[in-house]
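> Mapped onto this note's numbering, the consecutive letters of the sequence shown carry residue numbers 5 to 286.
We treat Cβ as the ideally placed atom computed from N, Cα and C, and that holds for glycine.
Just so it is clear, the structure is predicted and the values come from calculations on it, not from any experiment.
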Amino acid sequence: VLDMSALGSVEPLNVTVVTPREAAAREYLLSAGRPLTRQQLRDVVINTHKLHAEFAEIPMNFIDPKELDVPNHGTKNRYKTILPNPHSRVILKAKSCNDLQSSYINANYIRGYLGDEKAYIATQGPMVNTVNDFWQMTWQEESPVIVMITKLKEKNEKCVLYWPEKRGIYGKVEVIVRSVRECEHYTTRSLCGNQTRVLQHYWYTSWPDHKTPDSAMPLLQLMADVEADRRAAATTGPVIVHCSAGIGRTGCFIATTIGCRQLQVEGVVDVLSITCQLRADR
């Protein structure tokens with residue numbers, strides 16, 4: 005007979021069990037790849053069957069809400085099934101050590117070309133109750149550029165207007181619009197705060213949700229402008245990219261930026277590996 009009373013209070017162990025299927029999915033995301041030369045890329049664009057089949061094989065890597073040890077985080081998610089990966093999520097400075105909810109934002113650090121850590125932040129479009137969190141993140145991470153790839157409304161609300169016409173205060177962050185430049189496909193705003201940190205805000209509106217842009221040229225120009233601003237910025241924080249959920253158009257923009265860089269440097273592009281890296285991070 006075993007006498008358990010001498011052990012006192014025994015707390016259950018919190019052990020995460022990884023199923024064989026989950027382990028296989030993680031291994032795929034870490035190892036899959038198929039580098040393409042420029043000519044091979046042209047060929048698959050003409051006949052996209054292989055690309056579609058390849059894309060369908062990539063694990064979705066959706067997150068179980070139980071993996072996020074943050075009380076009431078659901079109130080800060082635009083879509084209940086789109087949650088940030090715990091291992092790479094952005095953690096805001098909490099208001100107090102007991103207030104875990106104030107540290108939560110639906111956003112993830114994304115690796116860049118050659119695995120460059122925290123090159124980007126992928127996040128959802130701000131909601132009414134997360135606008136202050138968004139600006140806190142922008143300040144905390146010292147981001148030089150914000151790229152917005154959604155309209156405020158596309159049938160349903162996709163994002164709230166989170167910047168001021170001239171001047172606005174969001175929590176502890178004051179935002180001032182210094183200038184606005186209208187381009188054919190996107191609008192650029194130069195913003196600064198009360199400690200004179202300047203960042204560029206790009207609002208690209210020519211990319212419908214669940215569709216592709218009519219032409220790639222404006223997108224490539226946007227990428228070039230964003231990269232130029234990033235290099236010229238006084239701060240070296242991540243470029244923040246968001247659409248509505250922070251996975252579709254956001255992921256495509258980041259993947260295309262990384263792919264173009266890889267093609268310029270190496271003469272090949274590994275679309276599969278880049279996509280898997282994004283799935284693993286976001």
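#1: Under 8 Å: do the segment 250-266 and the segment 209-227 share three or more Cβ pairs, one atom per stretch?
#2: If you draw a straight line from the C-alpha of Leu87 to the C-alpha of Ser183, how long is it?
#3: Does the segment 46-60 come into contact with the segment 69-81, if we say contact requires no fewer than three beta-carbon pairs (one atom in each stretch) closer than 8 Å?
#4: Quick check on this structure: which residue in Arg286, Pro168, Ala284, Cys264 has the alpha carbon closest to the alpha carbon of Tyr117?
#5: Per DSSP, which one or two residues make a beta bridge with Leu203?
#6: How many angstroms separate the CA atom of Tyr174 from the CA atom of Ser35?
#7: Hey, quick one: how far does the alpha helix (DSSP H) through Tyr32 stretch, first residue to last?
#8: Specify the secondary structure class of Ser248 as computed by DSSP and reduced to three states.
#9: What residue range does the alpha helix (DSSP H) around Met221 cover?
#10: So, for Arg253: in the same chain, excluding its five sequence neighbours on each side, which residues have a beta-carbon less than 6 Å away from its beta-carbon?
#11: Pull up the CB-CB distance for Asn112 and Asn136, whole angstroms please, since I reckon it's below 8 Å.
#12: Whole angstroms is fine: what's the gap from Asp47's alpha carbon to Glu61's?
#13: If distances are taken between C-alpha atoms only, which option among Ser100, Asn160, Gln266, Gln105 comes closest to Gly129?
#14: Excluding sequence positions up to five away, which residues of its chain have a Cβ less than 8 Å from the Cβ of Met227?
#15: Could you pull out every residue in the same chain whose Cβ sits closer than 6 Å to the Cβ of Cys101, ignoring the five residues on either side in sequence?
#16: For Leu11 and Thr23, what's the separation of their Cα atoms in angstroms?
#17: How would you call Gly37, buried or exposed, if buried means at least 16 neighbouring beta carbons within 10 angstroms?
#18: Which residue wins for smallest C-alpha separation from Thr134, given the options Ala126, Trp143, Tyr166?
#19: Could you work out which residue in Glu58, Gln43, Met64 is closest to Ala29 when comparing CA atoms only?
#20: Do Ala126 and Val245 have their C-beta atoms closer together than 9 Å?
#21: In whole angstroms, what is the alpha-carbon distance linking Asp7 and Val74?
In brief:
#1: Under the three-pair Cβ rule at 8 Å, the segment 250-266 counts as touching the segment 209-227.
#2: Straight-line Cα distance between these residues: approximately 34 Å.
#3: No, because fewer than three Cβ pairs between the segment 46-60 and the segment 69-81 fall closer than 8 Å, the two stretches do not touch.
#4: Considering only alpha carbons, the answer is Cys264.
#5: Residue pairing from DSSP places Leu203 in a beta bridge opposite Leu195.
#6: The straight-line gap separating the alpha-carbon atoms of Tyr174 and Ser35 is approximately 42 Å.
#7: Run containing Tyr32: 24-35, per the alpha helix (DSSP H) assignment.
#8: Look at Ser248 here: in three-state DSSP terms it is coil, with no helix or strand label.
#9: For Met221, the enclosing alpha helix (DSSP H) stretches over residues 221-236.
#10: Apart from the 5 residues on each side of it in sequence, Arg253 sits with its Cβ closer than 6 Å to the Cβ of Ile153, Trp211, Cys247 in its chain, given in chain order.
#11: The C-beta distance from Asn112 to Asn136 rounds to 19 Å, too long to fall under 8 Å, and the pair is not in contact.
#12: Rounded to the nearest whole angstrom, the CA to CA distance from Asp47 to Glu61 is 20 Å.
#13: Nearest option by C-alpha distance: Asn160.
#14: In the same chain as Met227, and ignoring 5 residues on each side of it, the C-beta atoms closer than 8 Å to its own belong to Phe257, Thr260, Thr261, Cys264, in chain order.
#15: For Cys101, same chain residues with a beta-carbon under 6 Å away, outside a window of 5 residues either side, do not exist.
#16: Residue placement at Leu11 cannot be trusted, given a pLDDT of 48 that sits under 50; the coordinates are not used to answer.
#17: The residue in question, Gly37, is exposed, as its Cβ has fewer than 16 Cβ neighbours within 10 Å.
#18: The shortest Cα separation from Thr134 among Ala126, Trp143, Tyr166 belongs to Tyr166.
#19: Comparing Cα positions, the closest option is Met64.
#20: Yes; because the gap between Cβ atoms is below 9 Å, this pair is in contact.
#21: Model confidence at Asp7 stands at a pLDDT of 48, short of 50, so the residue's coordinates are unreliable and nothing is read from them.
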